[in-house]
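So the structure is just underneath, and the comments pick up after that.
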Amino acid sequence: MLGKFDYIFQKLDDIKEQNLLRKIPFPFVSYDVSHGTVLVDGKEKDVFIFCSNDYLGMTKNEEVLEELEKEVKNFSSGSGASRLVCGNFLPHIEFEDFIREFFGLEKKGKDVLIFNSGWCANVGIISALCDHEGEIFSDELNHASIIDGCRLSKGKVNVFRHRDVNHLEDLLKKSQAKFKLVITDTVFSMDGDVAPLKEISFLCEKYGAVLYVDEAHAFGIFGDGGRGLSYELGVEPDIALFTLSKAVGAFGAFVIAPKDIIKFLISRARSFIFSTALPPFILSAAKRSIQIFSQNHSLRQKVLENAFFLRDEIRGHNLYQFLPSNITAQITPFIVGNEVNTMRVSSLLFERGFFVQGIRPPSVPRGTSRLRITVTAKHTRAEISEFVKNLKDIILDLNLF
Ligand SMILES: Cc1ncc(COP(=O)(O)O)c(C=O)c1O
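Residue numbering for the sequence shown follows our numbering, beginning at 5 and increasing consecutively.
See the structure below:
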């Protein structure tokens with residue numbers, strides 16, 4: 005007789021055979037993701053981290069940590085229920101007020117709603133908006149949470165080639181749907197390139213489609229005060245999602261949309277309705293973080309300068325072939341290709357004191373496994389140079405040229 009789990013065990017064996025088994029990188033645990041330092045067997049070790057999304061170092065910002073401490077005492081460790089029940093605390097309200105002001109939402113007829121994470125937001129919003137009479141148009145390299153939101157929606161999903169506005173237009177032209185939703189990351193999380201937002205926005209107007217953008221990796225980096233890439237380009241998307249987990253250095257997300265759409269989401273987005281609200285203190289910390297980084301242009305600028313410097317160094321070591329073109333953001337994909345080699349480079353870098361996680365399918369298309377290198381404002385040029393020098397040595401040792 006077959007064991008209860010044999011079917012799943014077979015799948016696990018397949019994952020192992022394809023070299024796609026994922027592991028939590030224990031025994032080392034991160035201690036300071038804004039720059040470096042991990043604990044290995046309980047001992048502190050300086051390992052420069054080049055794969056964190058804490059781009060501005062806000063997870064360790066003293067003022068944010070003080071705010072957090074104060075608010076844990078003022079409020080509670082948890083919120084006790086969904087916001088629609090009794091989990092609606094003052095910091096939730098104050099955070100949304102702050103965002104209304106920060107983005108000038110009142111005069112645009114828009115409003116804001118907090119979600120528990122970027123993941124919850126994309127999954128909840130997309131599936132709420134698009135039923136069987138709607139159609140979605142989604143860039144092929146959009147984040148997994150968008151893909152899952154599309155899968156959960158009842159609408160037809162059209163995937164357009166990455167950043168290809170001609171392909172998007174062909175698909176829009178053919179659509180007879182009552183509701184059309186075009187979705188794109190603004191900064192692509194695994195690729196470091198950016199969406200052609202002006203062109204996409206133009207097509208949305210032309211074909212009566214709603215434009216939904218995910219600003220997860222642009223918030224805090226691009227646009228005046230870190231308001232995102234749409235803001236920088238002067239594009240006004242209908243719906244924009246922002247996470248608090250990347251440059252903000254906290255946790256959670258919020259969406260900006262027309263007032264009545266926010267009303268609709270409160271009644272229909274299942275991840276908003278059926279999940280306990282974020283603990284209040286995290287929103288006070290997130291608000292403080294945004295207040296700080298929005299006033300600090302040079303901090304935000306430093307991240308992009310570091311990213312440009314990193315890519316110059318990579319090119320300076322003649323590692324061009326690993327670097328795709330079109331990268332403009334703080335994320336640098338270093339494409340190794342093969343899964344085994346990618347993980348080998350990652351672990352050899354760790355032995356030399358640099359931590360960059362390898363990224364394999366299904367996070368990225370097969371044959372494009374990579375190191376997803378990110379820099380933060382805290383990295384120094386000397387550290388970046390040292391990192392690239394070690395990377396080059398490993399590439400040579402493994403004969404990957
Ligand atoms: C583009 C994009 N959207 C959404 C998310 C999910 O955000 P969160 O980590 O807040 O769940 C991520 C996170 O990796 C992302 O890269």
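Glycine included, each C-beta is placed from N, C-alpha and C at the ideal position.
Predicted, not measured: the structure shown is a model, and the values here were computed from it.
| Check | Outcome |
| --- | --- |
| On the DSSP bridge assignment, give the partners of Glu139 in chain order. | Lys160, Lys184 |
| Would the C-beta of Thr332 count as close to ligand 1, meaning under 7 Å from any of its heavy atoms? | no |
| Report yes or no: do the stretch 371-378 and the stretch 63-74 share at least 3 C-beta pairs separated by less than 8 Å? | no |
| From what residue to what residue does the beta strand (DSSP E) around Thr346 run? | Note, Thr346: premise wrong, no beta strand (DSSP E); alpha helix (DSSP H) at 343-355. |
| Looking at the structure shown, is Leu308 part of a helix, part of a strand, or coil, going by DSSP? | helix |
| Would you check whether ligand 1 has a heavy atom nearer than 7 Å to the C-beta of Ala220? | yes |
| Return no unless some Cβ of chain B is closer than 8 Å to the Cβ of Val360. | Considering every chain present, this structure includes no chain B. It has just one protein chain. |
| Exposed or buried, what is Ser271 when buried is set at 16 or more other beta-carbons lying within 10 Å of its beta-carbon? | exposed |
| Tell me whether Thr188 counts as near ligand 1, meaning its Cβ is closer than 7 Å to at least one heavy atom of that ligand. | no |
| Looking at the strands, I want to know which residues DSSP matches up with Arg376. | Pro337 |
| So, with DSSP's three-state summary, where would you put Tyr35? | coil |
| Considering only their Cβ atoms, is the gap separating Cys124 from Lys158 smaller than 8 Å? | no |
| So what does DSSP say about Ile331, is it helix, strand or coil? | coil |
| Less than 8 Å between the beta carbons of Phe102 and Lys291, yes or no? | yes |
| Return the CA-CA distance between His136 and Leu156, expressed in angstroms with no decimal places. | 11 Å |
| Please report the Cβ distance between Gly113 and Phe119, rounded to the nearest whole angstrom; I am assuming they are in contact, meaning their Cβ atoms lie under 8 Å. | Not quite, the Cβ-Cβ distance comes to about 21 Å (not below 8 Å), so this is no contact. |
| Determine the DSSP secondary structure at Asp242, reduced to helix, strand or coil. | coil |
| When you compare each of Asp228, Asp397, Arg167, Ala132 to Lys202 by their alpha carbons, which one comes out closest? | Arg167 |
| I'd like to confirm the pairing. Which residues does DSSP put opposite Phe9 in its beta bridges? | According to DSSP, which records beta bridges pairwise, Phe9 is partnered with nothing at all. |
| Determine contact between the stretch 237-251 and the stretch 212-225, defined as no fewer than three beta-carbon pairs at a distance below 8 Å. | yes |
| Are the CB atoms of Ile339 and Gly196 within a distance shorter than 8 Å? | no |
| Distance check for Ser121 and Phe354, CA to CA, integer angstroms please. | 29 Å |
| Pop quiz: Lys306 and Ala381 are said to be a contact at Cβ under 8 Å. What is the actual Cβ separation, rounded to whole angstroms? | 4 Å |
| Considering Asp197, what are the terminal residues of the alpha helix (DSSP H) in which it resides? | It is not in any alpha helix (DSSP H) - Asp197 carries neither H nor E in the DSSP assignment. |
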